[in-house]
Amino acid sequence: MIEKRTAAVVLRARPYGESDKIVTLLTRDWGKVTGIAKGAKRSQRRFVNVLDSFTHVQLYFRPSRGDDLAFIFRCDLIRNFRAPGQDLRRYAFASYITELIDVMIAGREAGTEAYTLLLAGLTTLEEQSVLSTIFLPAFTLLLLSSTGYQPNVTECQHCGVFIGANKGASVFSPSRGGLLCPRCHDHGGMTIHLSDDTVQALTASRTTPPEDFLRIATSLRTARETRAVVTSLLSRHLTRPLKSQAFLEQLEAFSDSHVDGPQGE
Amino acid sequence: MQLTPALARLVEALGKLPGIGEKTAFRLALFILGAEREYVENLAEAIWAVKAETTHCQQCFGLAEGDLCPVCRDPKRSEESLCVVEEPADLLAVERARDYHGRYHVLQGVLAPLDGIGPDQLKIAPLMERLRQGKIREVIIATNPTVEGEATALYLAKIIKPLGIRVSRIAHGIPMGGDVEYIDSVTLSRAIEGRREM
């Protein structure tokens, strides 16, 4: 099979043997690719400074057959996102969104949506001086939507009635994956009450470009409710908790006990 | 060719060493087979001893035989400076440079959320305990210039600075004997950013 070329973001790289690395990348054209980069631990030519997590690269590779590893010939740097190495909270956020992409995307099934979203997330972490309070829930919501788990916020998930006009009475059912009207709010198991602003934000996620949605200003309440919605949906689709979630929580405790904690959410 | 069972076992064991393929393992096995008995006994004993006697230093978590490593036992080493590294191999690399005369602390890794490694999985609590004893005036953070190494350095700086201890980071940039023309853009950008006045 001939050599392929595509833009990609490095999700993670781990050492393999004495001189190689196994690298997982989210590519623009080939979904998620895991391949072996021969000599990557030592090469000062083909792989220098391009296999760190969160790096945006041009990937030259030979796709795998079946479950085999792809063969990575070389990577050229497109953009080195520096914010994760300069701000602990951004490092934790970058780790979270990268791991989330890794566990939610399997093989070549991903279209360009997830790739575009990941780039938008890393670019926001790089360029936005103050992060939106909704950054992580917004990213998670957009990823859920792009992988087919978009919450339905226009119709009641029990009776099908249009729900947009029911101001102040919105109830979200994680088990039904969407809103319930006031008449049906007892038909969704455990539910989450949402403010109108939160419903508006969930609706806006469908039409707003990712790079804008990740930067929208919202109240703490909307951020909290959106987080509750996406957390409840994620818990239904993930088979294990994210490893980076523990680090995020440790960092939050750490920030609380230190005066100069990182800014943002 | 059919190897004798003992020779086959040795070839297999040697072949598991890093950088040793089957052919090299075979050559090494033949060398051992033809060597003096005393040499072979020394080699076997050295391999056994390194495994049986090497532990982690109870103070810095570098490699040691007994409770403390040679650096921690050495009264001539400065007690005011502490160099923080990721792994014991990094400690040995800094020692080879022969320009540092302080003490060390080995973290036994770096913060790596994607691998589930947070502050509690590293030797950060013992580090803070050492710093609170009050002798150390400067901490030099010598973690690798990877995103994980940088994040670990940031974390350490944040928790150490409130103790009133000077925290510095090793410089990153163009290697000695390097050629600017061939340096990658990330390294060059760091080198320019970290330039110093002459």
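Line by line, the protein sequences are chains A and B. For the first sequence, position 20 (counting from the first letter as 1) is numbered 20 according to the working numbering, and the numbering increases by one without interruption. For the second sequence, position 85 (counting from the first letter as 1) is numbered 1085 according to the working numbering, and the numbering increases by one without interruption. Note that CB positions come from ideal geometry on N, CA and C, so glycine has one too.
6 Å CB neighbourhood of residue i in its chain, flanking five on each side removed
i                       : result
residue 1055 of chain B : 1064
residue 1010 of chain B : 1029
residue 1105 of chain B : 1060, 1082, 1084, 1127
residue 1037 of chain B : none
residue 1067 of chain B : 1058
residue 115 of chain A  : 26, 28
residue 33 of chain A   : 25, 27, 70
residue 213 of chain A  : 138, 205
residue 203 of chain A  : 153
Closer than 8 Å to chain B by CB, residue i
i                      : result
residue 113 of chain A : no
residue 152 of chain A : no
residue 239 of chain A : no
residue 61 of chain A  : no
residue 85 of chain A  : yes
residue 52 of chain A  : yes
residue 16 of chain A  : no
residue 92 of chain A  : yes
residue 243 of chain A : yes
residue 57 of chain A  : no
residue 9 of chain A   : no
residue 25 of chain A  : no
residue 12 of chain A  : yes
residue 247 of chain A : yes
residue 250 of chain A : yes
residue 265 of chain A : Annotation note: pLDDT 40 at residue 265 of chain A (below 50); position unreliable, coordinate value reported separately. No, residue 265 of chain A does not count as interfacial toward chain B.
Short Cβ contact (8 Å threshold) for residue i with residue j
i                       : j                       : result
residue 89 of chain A   : residue 251 of chain A  : yes
residue 1103 of chain B : residue 1139 of chain B : no
residue 4 of chain A    : residue 20 of chain A   : no
residue 98 of chain A   : residue 54 of chain A   : yes
residue 244 of chain A  : residue 132 of chain A  : no
residue 211 of chain A  : residue 120 of chain A  : yes
residue 1032 of chain B : residue 1040 of chain B : yes
residue 181 of chain A  : residue 192 of chain A  : no
residue 134 of chain A  : residue 223 of chain A  : yes
residue 173 of chain A  : residue 160 of chain A  : no
Euclidean distance between Cα positions of residue i and residue j
i                       : j                       : result
residue 1110 of chain B : residue 1062 of chain B : 15 Å
residue 1087 of chain B : residue 2 of chain A    : 40 Å
residue 1147 of chain B : residue 1172 of chain B : 13 Å
residue 158 of chain A  : residue 48 of chain A   : 55 Å
residue 1020 of chain B : residue 18 of chain A   : 10 Å
residue 7 of chain A    : residue 113 of chain A  : 14 Å
residue 1184 of chain B : residue 102 of chain A  : 28 Å
residue 145 of chain A  : residue 152 of chain A  : 10 Å
residue 1076 of chain B : residue 1101 of chain B : 8 Å
residue 225 of chain A  : residue 105 of chain A  : 25 Å
residue 76 of chain A   : residue 1175 of chain B : 21 Å
residue 1107 of chain B : residue 186 of chain A  : 53 Å
residue 261 of chain A  : residue 253 of chain A  : Low local confidence applies: a pLDDT of 37 at residue 261 of chain A is under 50, so the model's placement there is unreliable, and no value is given.
residue 39 of chain A   : residue 1023 of chain B : 20 Å
residue 80 of chain A   : residue 156 of chain A  : 45 Å
residue 1113 of chain B : residue 1154 of chain B : 15 Å
residue 117 of chain A  : residue 100 of chain A  : 12 Å
residue 108 of chain A  : residue 31 of chain A   : 4 Å
residue 65 of chain A   : residue 59 of chain A   : 18 Å
is_contact[residue i, chain A] using C-beta, thresh 8 Å
i                       : result
residue 1147 of chain B : yes
residue 1070 of chain B : no
residue 1113 of chain B : yes
residue 1168 of chain B : no
residue 1022 of chain B : no
residue 1186 of chain B : yes
residue 1151 of chain B : yes
residue 1019 of chain B : yes
residue 1116 of chain B : yes
residue 1127 of chain B : no
residue 1088 of chain B : no
residue 1227 of chain B : Within the shown structure, residues of chain B are numbered from 1001 to 1198, placing residue 1227 of chain B beyond reach of any answer.
Same chain only: Cβ atoms within 7 Å of residue i, ignoring 5 sequence neighbours per side
i                       : result
residue 52 of chain A   : 10
residue 1014 of chain B : 1020, 1025, 1028, 1029
residue 16 of chain A   : 22, 36
residue 198 of chain A  : 222, 225, 226
Close Cβ partners of residue i (< 8 Å) along its chain, the five nearest in sequence each way excluded
i                       : result
residue 208 of chain A  : 216
residue 1012 of chain B : 1025
residue 1166 of chain B : 1137, 1138, 1139
residue 1170 of chain B : 1140, 1141, 1142
residue 259 of chain A  : Confidence at residue 259 of chain A is low in this model, with a pLDDT of 40, below 50, so its placement is unreliable and the value that follows should be read with caution. Excluding sequence neighbours, residue 259 of chain A sits near nothing in its chain.
residue 242 of chain A  : 96, 99, 100, 103
Could you say if the segment 175–195 of chain A and the segment 229–237 of chain A meet the contact criterion of at least three C-beta pairs nearer than 8 Å? yes
Can you find at least 3 beta carbon pairs, one from the segment 1153–1168 of chain B and one from the segment 1126–1140 of chain B, that sit closer than 8 Å? Yes, they touch.
With a cut-off of 8 Å, do at least 3 Cβ pairs link the segment 1132–1146 of chain B to the segment 54–74 of chain A? no
Determine contact between the segment 80–87 of chain A and the segment 235–246 of chain A, defined as no fewer than three beta-carbon pairs at a distance below 8 Å. no
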